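Colleague: Numbering (our numbering), first residue to last: 10 to 150.
1. Could you tell me the distance, in whole angstroms, from the CA atom of residue 63 to the CA atom of residue 126?
2. For the alpha helix (DSSP H) containing residue 29, name the first residue and the last one.
3. Rounded to a whole number of angstroms, what is the C-alpha to C-alpha distance between residue 83 and residue 36?
4. Are residue 97 and residue 39 touching if we call contact CB-CB under 7 angstroms?
5. Taking three-plus beta-carbon pairs below 8 angstroms as touching, is the stretch 69-83 in contact with the stretch 26-35?
6. What span of residues does the alpha helix (DSSP H) with residue 82 cover, start to end?
7. For residue 95, write down the residues that DSSP places opposite it in a beta bridge.
8. When the Cα atoms are used, what is the spatial distance from residue 104 to residue 51?
9. Taking a contact to mean a Cβ-Cβ separation below 7 angstroms, would you say residue 85 touches residue 93 in this structure?
10. Taking 7 angstroms as the threshold (C-beta atoms), are residue 32 and residue 22 in contact?
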């Protein structure tokens, strides 16, 4: 399943002239942008660098590509002009929404074939698998 998700994301990236790292950055920026009421902060280049484990130069090159392609906006913080916030551009959000809409429909169709109880078990299993993968990754740091 992860491989198929990655293939779909890679196809989107290729159509947009982006690298896989660009897609990872877009997802991180979208996640930070999606729920400002949840107490989160907009993504910054420094936070993105840490999250993707990239050098400053690699992050700058990635952000330059994303900005040139119209996927993100860089906005200086009003209170501290040294701070740059990264936001997913509205037009790019629509583009991604249109591209991934069939995936969302397919996901909903698959979910509809299971009872709420069955889905609860699946969610518990996936959460436990994710927790184990995080532990494995942290153990190898």
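Note that beta-carbon positions come from the ideal geometry of N, C-alpha and C, so glycine has one too. Being a predicted model, the structure only gives us computed values, none of them experimental.
Modeller: With the structure as the only source:
1. 41 angstroms
2. 29-43
3. 16 angstroms
4. yes
5. yes
6. That residue, residue 82, is in no alpha helix (DSSP H); its beta strand (DSSP E) goes 81-85.
7. 52 and 83
8. 21 angstroms
9. yes
10. yes
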